[in-house]
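Colleague: Our numbering puts the sequence shown at residues 261 to 497.
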Amino acid sequence: MCGRYRRTQKEEELAKLYGIKIPPARDVPISWNVAPQQDVLAVRRNPDSGERSLDALRWGLVPAWAKDPKVGYRTINARVETVDTSPSYRSAFKKRRCLIPADGFYEWKKVAGGKLPYAIGMADGRPFAFAGLWEGWQDPATGEWLRTCTILTGRPNALVRTIHDRMPVILPHDQQEAWLTASLSKGDLQPFPAEAMKAWTVSTRVNNPKNNGPDLAEPVPVPRASSDTSGSTENSR
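1. Helix or strand or just coil, what does DSSP make of residue 398?
2. How is the beta strand (DSSP E) around residue 365 delimited, first residue to last?
3. Which two residues bound the contiguous beta strand (DSSP E) that contains residue 291?
4. Can you tell me where the beta strand (DSSP E) with residue 313 in it begins and where it stops?
5. For residue 360 and residue 390, which I take to be in contact (beta-carbon distance under 8 Å), what is that distance rounded to the nearest angstrom?
6. Nearest to residue 287 by CA position, among 304, 278, 314, is which residue?
7. Of all the options 281, 293, 425, 318, which has the alpha carbon lying nearest to the alpha carbon of residue 476?
8. Need the endpoints of the alpha helix (DSSP H) that residue 439 sits in, please.
9. Among 414, 345, 299, which has the Cα closest to the Cα of residue 451?
10. Do residue 481 and residue 464 come within 9 Å of each other at the CB atom, strictly closer than that value?
11. Would you list the one or two residues that DSSP bridges to residue 358?
12. Nearest CA to the CA of residue 433: which residue from 416, 426, 453, 427?
13. Per DSSP, what kind of secondary structure is residue 415 in: helix, strand or coil?
14. For residue 324, which of 316, 308, 338, 348 has the nearest alpha-carbon?
15. Return the first residue and the last residue of the alpha helix (DSSP H) that residue 446 is part of.
16. Just grab the DSSP bridge partners of residue 262 for me.
17. Compute the beta-carbon to beta-carbon distance between residue 419 and residue 382, rounded to the nearest angstrom, for a pair I have assumed lies under 8 Å.
18. Is the beta carbon of residue 339 closer than 9 Å to that of residue 412?
19. List the whole-angstrom C-beta distance separating residue 442 from residue 350, where the pair is believed to meet the contact cut-off of C-beta under 8 Å.
20. Within 10 angstroms of the Cβ of residue 436, are there 16 or more other Cβ atoms? Answer buried if so, exposed if not.
21. What separation, rounded to the nearest whole angstrom, lies between the Cα atoms of residue 429 and residue 266?
22. Tell me residue 302's beta-bridge partners as DSSP assigns them.
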């Protein structure tokens with residue numbers, strides 16, 4: 261799964277990176293510990309004009325047919341294997357795709373005595389984009405609209421497999437437009453190359469979403485008690 265990530269590029273930088281002229285609707289500050297149910301930045305494409313926009317969406321997709329927005333607590337990730345058939349995601353998969361910019365994500369490995377947090381990102385430190393879906397839900401009581409999103413997950417590459425049995429779908433640059441136009445099928449979504457990525461252990465302070473700051477992504481030594489089961493993934497393969 262993908263339950264926590266970081267996005268430290270400012271909106272202006274992202275707008276330039278993704279060729280966006282329209283400013284975001286509201287400010288979403290950078291974060292080293294983005295958590296579910298928070299507002300996140302997503303790149304969407306207008307199907308009529310073809311223009312991209314950078315928008316604030318709540319992380320945790322609420323289907324249009326949902327009776328209660330609390331369903332979003334259970335829909336932070338959509339599985340690639342069932343994204344086109346699941347009632348929660350199949351409509352968004354056909355019509356409402358987005359890119360979710362990130363600098364890295366966190367995953368927890370089961371080790372003796374608990375779980376060990378890892379930061380995972382590109383070997384060269386560059387930002388990237390998750391494959392996402394978005395949806396609009398209208399509150400029947402107030403008529404207000406809530407726009408939400410989810411991050412796709414699939415099988416891990418060789419690097420992430422040493423930590424967890426799933427990983428978020430990261431889109432190569434040359435697939436991003438095809439994803440937004442819904443011309444990319446789920447069969448095209450493959451694990452991002454392990455040799456282009458790196459992973460390192462970080463402080464357990466990342467476990468609490470209230471903690472934030474660049475120190476959360478700083479490497480820390482692997483605890484002695486878990487070193488025999490975790491191995492070293494500091495460098496990509």
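Using N, Cα and C, we set each Cβ at its ideal position, and we do this for glycine too.
Modeller: Taking the structure as given:
1. strand
2. 364-371
3. 291-294
4. 312-319
5. 4 Å
6. 314
7. 293
8. 436-440
9. 414
10. no
11. 392
12. 453
13. coil
14. 348
15. Unbroken run through residue 446: none, as it is neither H nor E.
16. Answer by DSSP bridge pairing: none, since residue 262 is not bridged.
17. Contact doesn't hold; Cβ gap of about 11 Å is too wide.
18. yes
19. 12 Å between Cβ atoms; not a contact.
20. buried
21. 15 Å
22. 315
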